[in-house]
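Engineer:
Number of protein chains: 2
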Amino acid sequence: MQIAIALYDHVTSLDAMGPYQVLQHIPGAETFFVAEQRGEISDDHGGLRVIVDRSFADVAAPDIFVIPGGFITRKLAVEGSPIVEWVRQAHTTSTWSTSVCTGALVLGAAGLLDGLDATTHWQAYAELAAFGARPTEQRVVRRGKVITAAGVSSGIDMALTLAAEVAGPEVAQAIQLAIEYDPQPPFDSGAPSKAPADIVDLVNAVFAEQGD
Amino acid sequence: MQIAIALYDHVTSLDAMGPYQVLQHIPGAETFFVAEQRGEISDDHGGLRVIVDRSFADVAAPDIFVIPGGFITRKLAVEGSPIVEWVRQAHTTSTWSTSVCTGALVLGAAGLLDGLDATTHWQAYAELAAFGARPTEQRVVRRGKVITAAGVSSGIDMALTLAAEVAGPEVAQAIQLAIEYDPQPPFDSGAPSKAPADIVDLVNAVFAEQGD
């Protein structure tokens, strides 16, 4: 079973690295990164440089693919973009087609989310809706073989859900225990409905700057 | 402010990538990876290849350092090991000295945990105690300027705790919201005290194999 996690320049690292840590433990799965071309990819912070060994052409029909997010997806999620074309093609044969954060916009641009409930980073609901999806605030949304996850860190929850689907709940629980995923954030500020209003304003302001 | 996250061959990726995602957002911080030598590092799964731009010699006195874990720490956490020597030296000038998972064994070997409450992956309490630490089951343990975190995914919680110390609770909350860290694992199996007994046995068996 091939599990391909797509990378591209300016990807948000944890969107990809969360699912990578979980999915690599699925028995019989080959979990790896893939990009438009083999070679080096840098993340959106610029501090992470990853060497990718396989191109989209090398991996035309993965069983499962994961599309992580990043600000840059606003530019990637357009007709004719190589990652959009790869997703459209891979989806025709995949068992599971998944995204984390604004990776959902790429799925949307490939036509996978039309008329579907889906989720993305809480900042990108409007962009997601523009692709015909119905944005929901759930952390992980499964509709048929399409699974979308909310912002950045949600890829860990999504991947555990996916591991349970693929390999059964016992395996998913064992992976959760192996990575000691017993989250205890020091604050309860992980969603706009839970964070103080001034914190939401602060993050909105920072994101607006980045989007410029 | 320099925040150096150490890498080495066979590191467990999320141990490093969780804190990296959080700490990079601290205003005024320069968050980067460091290794014994510049060049390529592979993780314990073998699917992640990272190019590291700075050596231990390049970064002798970071303000903050993070030591991630991996099975290989059992071999690294010995007298004379370059990462142990680096930690011992960096700790003399650091503001915060931190670890995730079995990265704590490296801190232990460098003498940072003698007589201190500390934590590590739940599988490695005995190894941690051998360095004079008092293992606790808390997810994040702060004693003075030393912060240790539990297994793999706990680095996210540790980094948010650290962000609050360094930059204040508002910044930490904003980072939590930006990465939408509102964890909702599909199972409650992330600690040995919570997972079903047969799942704990399964993970123990897998780890025993890896340790051989």
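First to last, the sequence lines map onto chains A and B. Going by our numbering, the first residue of the first sequence is number 1, and it counts up by one from there. Going by our numbering, the first residue of the second sequence is number 1, and it counts up by one from there. Even glycine gets a Cβ: it sits at the ideal position worked out from N, Cα and C.
My guess is that Lys194 (chain A) and Asp188 (chain A) are in contact by the Cβ rule of under 8 Å, so how many angstroms apart are they, rounded?
Structural biologist: Taking the Cβ atoms as the reference, Lys194 (chain A) lies roughly 5 Å from Asp188 (chain A), within the contact range of under 8 Å.
Engineer: Could you check if Ala57 (chain A) is buried or exposed, using at least 16 other CB atoms within 10 Å of its CB as the buried criterion?
Structural biologist: exposed
Engineer: Ala32 (chain A) to Trp86 (chain A), Cα distance in whole Å?
Structural biologist: Going by the sequence as given, residue 32 (chain A) is Phe instead of Ala. Whole-angstrom Cα-Cα distance: 16 Å.
Engineer: Identify the contact partners of Ile83 (chain A) in chain B, using a Cβ-Cβ distance below 7 Å as the criterion.
Structural biologist: In chain order: nothing, as chain B lies at least about 19 Å away.
Engineer: Under 8 Å, do Gly155 (chain A) and Asp15 (chain A) count as touching if we go by C-beta distance?
Structural biologist: yes
Engineer: Trp122 (chain A) touches chain B at which residues, Cβ-Cβ below 7 Å?
Structural biologist: In chain order: Glu180.
Engineer: Output the distance between the C-alpha atoms of Pro183 (chain B) and Arg139 (chain A), rounded to the nearest integer angstrom.
Structural biologist: 8 Å
Engineer: Using a Cβ cut-off of 8 Å (strictly closer), state whether Val152 (chain A) contacts chain B.
Structural biologist: It does; some Cβ of chain B falls within 8 Å.
Engineer: So what does DSSP say about Gln2 (chain B), is it helix, strand or coil?
Structural biologist: strand
Engineer: Taking C-alpha atoms, which residue in B:Val206, B:Met1 and B:Gly18 lies nearest to Cys262 (chain B)?
Structural biologist: Shown here, chain B extends from 1 to 212; a query on residue 262 (chain B) therefore has no answer.
Engineer: Where does Gly92 (chain B) land, buried or exposed, given buried means 16+ other C-beta within 10 angstroms?
Structural biologist: Looking at the sequence shown, residue 92 (chain B) is not Gly but Thr. Exposed: under 16 other Cβ atoms inside 10 Å.
Engineer: If the cut-off is 8 Å on Cβ atoms, which residues from the stretch 14-45 of chain A count as contacting chain B, listed in chain order?
Structural biologist: Leu14, Met17, Gly18, Tyr20, Gln21, Gln24, Thr31, Phe32, Phe33, Glu40 and His45
Engineer: Buried or exposed for Ala35 (chain A), going by 16 or more other Cβ atoms inside 10 Å?
Structural biologist: Flag for Ala35 (chain A) reads buried.
Engineer: Would Ala167 (chain B) and Ile26 (chain B) be called neighbours here (beta carbons separated by less than 8 Å)?
Structural biologist: Taking C-beta atoms as the reference points, Ala167 (chain B) and Ile26 (chain B) count as a pair closer than 8 Å.
Engineer: Just mark Ala104 (chain A) as buried or exposed, buried being the case when its beta carbon has 16 or more other beta carbons within 10 Å.
Structural biologist: buried
Engineer: Between Val59 (chain A) and the rest of its own chain, which residues show a CB-CB distance below 6 Å, the 5 nearest in sequence each way excluded?
Structural biologist: Ala4 and Val34
Engineer: Measure the alpha-carbon distance for Asn204 (chain A) versus Leu107 (chain A) and round it to whole angstroms.
Structural biologist: 24 Å
Engineer: If you pair each beta-carbon of the stretch 120-133 of chain B with each one of the stretch 145-162 of chain B, do three or more pairs fall below 8 Å?
Structural biologist: yes
Engineer: Can Glu180 (chain B) and Ile199 (chain A) be called in contact, C-beta distance under 8 Å?
Structural biologist: no
Engineer: Should Pro183 (chain A) be flagged as near chain B, meaning a C-beta pair shorter than 8 Å?
Structural biologist: yes
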